[in-house]
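Enquirer:
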Amino acid sequence: MIDEKLVQLLTPEGERISHPQYESTLGGDQILGLYRDMVIVRRLCNESTSLQRQGQLALWAPVQGQEGAQIGAGRALEPMDFTFPSYREHGVAWCRGVPPEDMLRIFRAVTTGGWDPQKYRHSVPTVVLGNQALHAVGYAMGVQRDGAEEAVMTFFGDGASSQGDVLESFVWAASFNAPVVFFCQNNQWGISTPSTLQSKVPLYRRAPGFGFPGIRVDGNDVLAVYEVTKRALDNARTGNGPTLIEAYTYRMGAHTTSDDPTRYRVDAEVEVWKHRDPIERVKALLAREYRVKGSTFDEVNAEADLMALKLREDVLAMGPPDPISMFENVYADVHPLIEEGRREMIELGVSGSGH
Amino acid sequence: MSEEIFLVPDVGEGLVEAEIVEWKVKVGDVVALNQPLVDIETAKAVVELPSPYAGTVVQLHGEVGDVMAVQTPLITFDTTGDGGARVVSPATPGEAPGEAPGEERREAVLVGYGVANEDAPVTRTRRRGTSDASGAPSPAPVPMSVAATVSELSPRSTPPVRLYAKQHGVELSTVTGSGRDGLITRDDVDRAMGRVQSAQSSHTAARVTVAPTGPMTSTRFVGRELEPWATGPKEERIAVKGVLRSMADAMVQSAFSAPHAAAWLRVDATKTMELLVALKQHPNMANVRLSPLTIVALAVCDAARHFPGINSSFDATTNEVIVRRSVNLGIAADTSRGLIVPNIKGADQLDLVAMASALSVLVEKARTGTTSPAEMLGTTLTITNVGPFGVDGAVAILPPGTGAIIAVGQIVKAPWVVDDQVVVRRVVEISMSFDHRQIDGALASAVLAHIGRFLADPATSLLAG
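Those sequence lines, one after another, are chains B and L. Per the numbering used here, the very first residue in the first sequence carries number 1; after that it's consecutive. Per the numbering used here, the very first residue in the second sequence carries number 1001; after that it's consecutive.
1) For the beta strand (DSSP E) holding L:M996, just list the boundary residues, first then last.
2) Name the chain B residues that come within less than 7 Å of L:P1050, Cβ to Cβ?
3) If we ignore side chains and look at the alpha-carbon of each, how far apart do L:E1429 and L:K1241 end up?
4) Mind listing the chain B neighbours of L:E1013? Cutoff is C-beta to C-beta under 8 Å, in chain order.
5) Evaluate B:A160 with the Cβ neighbour count: other Cβ atoms within 10 Å of its Cβ, from every protein chain shown; 16 or more gives buried, anything less gives exposed.
6) Using DSSP with H/G/I as helix, E/B as strand and the rest coil, what is L:N1319?
7) Applying the criterion that 16 or more other CB atoms from any shown protein chain within 10 Å of the CB defines a buried residue, is L:N1343 buried or exposed?
8) Can you name the start and end residues of the beta strand (DSSP E) that L:S1002 belongs to?
9) Could you give the first and the last residue of the continuous beta strand (DSSP E) run that contains B:W60?
10) Pop quiz: B:G97 and B:R105 are said to be a contact at Cβ under 8 Å. What is the actual Cβ separation, rounded to whole angstroms?
11) On a CA-only basis, which of L:A1459, L:G1028 and L:R1266 is nearest L:V1427? Give me that one, please.
12) Enumerate in chain order the residues of its own chain whose CB-to-CB distance from B:S123 is below 8 Å, with the five nearest sequence positions on each side excluded.
13) Note down, in chain order, each residue of its chain lying with its Cβ closer than 6 Å to the Cβ of L:G1393, except the 5 sequence neighbours on either side.
14) Does L:V1047 get closer than 8 Å to chain B when you measure Cβ to Cβ?
15) To the nearest angstrom, how far is the alpha carbon of L:A1456 from that of L:N1385?
16) Give me the subset of the stretch 1034-1046 of chain L whose CB atoms are less than 8 Å from a CB atom of chain B, sorted by chain position.
17) Is the CB of L:D1078 under 8 Å away from at least one CB in chain B?
18) Give the residues from the stretch 1004-1028 of chain L that approach chain B closer than 7 Å (Cβ to any Cβ), ordered along the chain.
19) Below 8 Å between beta carbons: does that hold for B:V39 and B:N220?
20) Contact defined as beta carbons within less than 8 Å: I believe L:N1311 pairs with L:T1379. What is the distance between those atoms, to the nearest angstrom?
21) Taking B:G190 as the reference, give the member of B:V228, B:A232 and B:G253 with the closest Cα.
22) Return the bridge partner residues of L:S1445 from the DSSP annotation.
23) If I measure Cβ to Cβ from L:E1022 and keep anything under 6 Å in the same chain, skipping five residues before and after, which residues do I get?
24) Output the boundary residues of the beta strand (DSSP E) element that contains L:W1023.
25) Is the shortest distance between the beta-carbon of B:E101 and the beta-carbons of chain L less than 8 Å?
26) Just to confirm before moving on: does the CB-CB distance between B:E67 and B:G28 stay below 8 Å?
27) So the alpha helix (DSSP H) B:H135 belongs to, where does it begin and stop?
28) Does any CB atom of chain B fall closer than 8 Å to the CB of L:S1002?
29) From this set, L:V1067, L:P1073, L:A1045 and L:V1025, which residue's C-alpha is nearest L:V1057's C-alpha?
30) Taking the alpha-carbon of B:V270 as reference, which of B:L59, B:Q64 and B:R16 has the nearest alpha-carbon?
31) What is the rounded straight-line gap between the Cα of L:E1048 and the Cα of B:Q188?
32) Grouping DSSP H, G and I as helix and E and B as strand, with all else coil, what is B:D298?
33) Taking the CB atoms as reference points, tell me whether L:T1487 and L:P1399 lie closer together than 8 Å.
34) Any heavy atom of the ligand ZN closer than 7 Å to the Cβ of B:A236?
35) By the 10 Å Cβ neighbour count, where 16 or more other Cβ atoms means buried, how is L:T1370 classified, buried or exposed?
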């Protein structure tokens, strides 16, 4: 049931196909780079799931199956672009340079953020569903007023696309021709709700109703995602307004570690998507077209394993935050009520003496 | 030898226990980091736990079927390297590694980490294989006195417990906190409701149904269809869990704490049956489902109004008898999942039409399996309708924390003496079990007689109030 308008440049078998509007501009080294990104992010995801099962993380939102969409989009960004993720964008965070251990802090419940958004031009995870789309449009309108040549991209899923926040942000982006790209990963399931139930038309076709273009790309084809996103970002930067990209992909794992997908979807569906894996098709292409050797792939795997070991060490070393720190960052400035609560907690002896 | 202990993790945001489904390693196995160790089942899902260590399995702390509390030892490993035994896997993210595990049990909440239950010991319960009565809820600890600093206007508790109390209609100001400095815990709220939730699912010795379906003809037993006599195994062992576990726990708790006594009365219910026929023909009653149970429910509530002592419970932990002037009328319902006892809150306030509609809603929810836990909490008085099974009466076991249960038998044509003439009347037997600690035979008899009078002449009773 994949729409015929789906942009695809690399088939699940790793064969290039042509498209009338898009062609891949990447060379062998760059494609190997994308492959490395995807392998590392998948390893990061697996290690994080293990850490959750071992009691070291409160929760984890798996990204497995969506690496092509996230790496393709993440690598299409320019350094000064700004991104607003949901809670599943570990691949994008990786592309923005966020250290893996920082990605896990919020899932270990030792921080409310995890990193400095300005440093990586990547906002902290937004758990309130679809809320980040409003932040992105607001930021993009600011970019317009600054006259800066930057694009803004926000990430959300098919489930969040039904949220009022997302639809309102569509209206504002269209009205102000804001330099923003809405990157929707349609991973087919909003927890247990199938995306086809939430939208009677393919998601990308919602955009024209708001007054800007929508495009559907094979989210498991990293080459296609890269080209489609690159063009959408260029359009935003050059005053051509917003784009909705629907990356058609699949969440191979659970919604989060608290979810059991076997209760609402059949194994046969998962099997179909296994054959559309984003990593395997790139590996096939690299081996055939660029003669990349098995030892190179082994090196990438070894690098991913090393990253996982370091990640585990870093996570195990994360101690609890000072309880008093929960009063920080509630408001930008000092707030009398918050300050009163903080003082009372200190008087009750809940640490914080250093403040 | 360097030992590491892997504690049962909270794999689902606020879970308090998990059942061992399958071990994938055994003592002596050498395992690698992240190698699958065990499948555990929580309230949310079956999940596979990967090993947090590379090493040799020294001890498995539970067997398949065991229900393990979160943060209790699951596996002990022998790892190479330095240091003595230490517990790593702080199941609360945020604790520093190597820190001693918190000696606390967390209360399950839907989102987040739950609340420390300060006086609860780290426990591990066995789901199968034991024959002692330890499966029954343990006696509640004697509450400590509330610290003087606690504001009387706002009882100290935690947001999830406040919500829990609100959902179950418990006023926190009436609850004595047993936690540190008088903190009100979920257990305190449960106690205030006169029971623990596990005691809710089931209670009577007889399996009964609300809707008249006739005597049981299937081979259903403990929530499953048994294989036929001829082809089934000579001996079959069935694990005690789920609804069966709840029924067993509740029965043990009630039968061995409340001294049961029973009394019964045969009643001429002819006028009740005639009234029902007349009511059903009335246009205002076209959409109301009426049955003898409707009239019995009204009779029981009316009896409670006249004799509040029957609507009471005995609290052994505080040495008090609690009399309630509001009836949450429990109705034993036989469902495909087993026996459940949902109740009608404030049943004493309902008139005929409201009672009939409350009963049909209750039956429909029980039938479709949509009864919520809240609807099974707080029962004060219970009716079990054994008539549809073709029997006259039952010595039912009380739902824990209630004072009386009334069994309604089949309504049959029987010879009856009216004005010294033997005539055919519609006769029903009402039997009642009661907690003899606070309810004596005189009170029980008075209540039975009142119900009997009501059923013998329901129109007068309904109109005269």
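The C-beta atom is built at its ideal place from N, Cα and C for all residues, glycine as well.
Expert: By the coordinates alone:
1) This structure gives no information on residue 996 of chain L, because the portion of chain L shown stretches from 1001 to 1465.
2) Taking the first residue of the second sequence as 1, we reach residue 1050 of chain L at position 50. Correct list: S50, R53 and Q54.
3) As a first step, residue 1429 of chain L must be located in the second sequence, where it is residue number 429. As a first step, residue 1241 of chain L must be located in the second sequence, where it is residue number 241. About 34 Å.
4) Residue numbering aside, residue 1013 of chain L sits at position 13 when the second sequence is read from its first letter. Within 8 Å Cβ-Cβ: A58, L59 and S258.
5) Numbered from 1 along the first sequence, position 160 holds the residue referred to as residue 160 of chain B. With 16 or more other Cβ atoms within 10 Å, it is buried.
6) In the second sequence, the residue the question calls residue 1319 of chain L occupies position 319. Three-state DSSP puts L:N1319 in coil, outside helix and strand.
7) Taking the first residue of the second sequence as 1, we reach residue 1343 of chain L at position 343. It counts as buried.
8) Counted from its first residue, the second sequence places residue 1002 of chain L at position 2. From DSSP, the beta strand (DSSP E) with L:S1002 extends over S1002 to L1007.
9) Counting from 1 along the first sequence, the entry for residue 60 of chain B is found at position 60. Segment: none, B:W60 is in no beta strand (DSSP E) and carries neither H nor E.
10) Position 97 of the first sequence holds residue 97 of chain B. Position 105 of the first sequence holds residue 105 of chain B. That belief does not hold up - the Cβ atoms of B:G97 and B:R105 are roughly 16 Å apart, past 8 Å.
11) The residue you call residue 1427 of chain L lines up with position 427 of the second sequence. Minimum Cα distance to L:V1427 is reached at L:R1266.
12) Here residue 123 of chain B refers to the residue found at position 123 when the first sequence is read from its first residue. The residues are F82, T83, F84, P85, P117, Q132 and H135.
13) Residue numbering aside, residue 1393 of chain L sits at position 393 when the second sequence is read from its first letter. Same-chain partners within the cutoff: W1264, A1407, G1409, E1429 and S1431.
14) One-based indexing of the second sequence puts residue 1047 of chain L at position 47. True, the Cβ-Cβ gap to chain B drops below 8 Å.
15) Along the second sequence, read from residue 1 onward, the residue named residue 1456 of chain L stands at position 456. Along the second sequence, read from residue 1 onward, the residue named residue 1385 of chain L stands at position 385. When rounded, the distance between both Cα atoms is 18 Å.
16) N1034, K1044, A1045 and V1046
17) Within the second sequence, numbered from 1, the residue matching residue 1078 of chain L stands at position 78. So, not an interface residue.
18) L1007, P1009, D1010, V1011, G1012 and E1013
19) Taking the first sequence and counting its residues from 1, one reaches residue 39 of chain B at position 39. Taking the first sequence and counting its residues from 1, one reaches residue 220 of chain B at position 220. No.
20) Locating residue 1311 of chain L in the second sequence gives position 311, counting from the first residue. Locating residue 1379 of chain L in the second sequence gives position 379, counting from the first residue. Between L:T1379 and L:N1311 the Cβ distance is about 11 Å, and since that is not below 8 Å, they are no contact.
21) Start at 1 with the first residue of the first sequence, and residue 190 of chain B comes out as number 190. That would be B:G253, whose Cα lies nearest to the Cα of B:G190.
22) Reading the second sequence from its first residue, position 445 is the one you call residue 1445 of chain L. L:S1445 pairs with nothing; no bridge assigned.
23) For the purposes of this step, residue 1022 of chain L is taken as residue 22 along the second sequence, with counting starting at 1. Result list for L:E1022: D1039, in chain order.
24) Position 23 of the second sequence, counted from the first residue, corresponds to residue 1023 of chain L. Looking at the DSSP string, the run of the beta strand (DSSP E) that includes L:W1023 is E1017 to W1023.
25) Looking up residue 101 of chain B in the first sequence gives position 101. Not an interface residue.
26) The residue given as residue 67 of chain B occupies position 67 in the first sequence. The residue given as residue 28 of chain B occupies position 28 in the first sequence. Result no, Cβ atoms of B:E67 and B:G28 do not sit closer than 8 Å.
27) In the first sequence, the residue the question calls residue 135 of chain B occupies position 135. Residues N131 to D146.
28) Sequence index remark: in the second sequence, residue 1002 of chain L carries index 2 (1-based). Chain B contact via Cβ: absent.
29) Taking the first residue of the second sequence as position 1, residue 1057 of chain L is located at position 57. Closest option to L:V1057, Cα to Cα, is L:V1025.
30) Locating residue 270 of chain B in the first sequence gives position 270, where the first residue counts as 1. Looking at the Cα atoms, B:Q64 is the closest of the given residues.
31) Sequence index remark: in the second sequence, residue 1048 of chain L carries index 48 (1-based). Sequence index remark: in the first sequence, residue 188 of chain B carries index 188 (1-based). Cα-Cα distance, rounded: 24 Å.
32) Stepping through the first sequence from its first residue, residue 298 of chain B is reached at position 298. Correct three-state label for B:D298: helix.
33) No information on residue 1487 of chain L is available, as it lies outside the stretch 1001 to 1465 that chain L covers here.
34) The ligand ZN is not part of this structure, which contains no ligands at all.
35) Start at 1 with the first residue of the second sequence, and residue 1370 of chain L comes out as number 370. Burial call: exposed.
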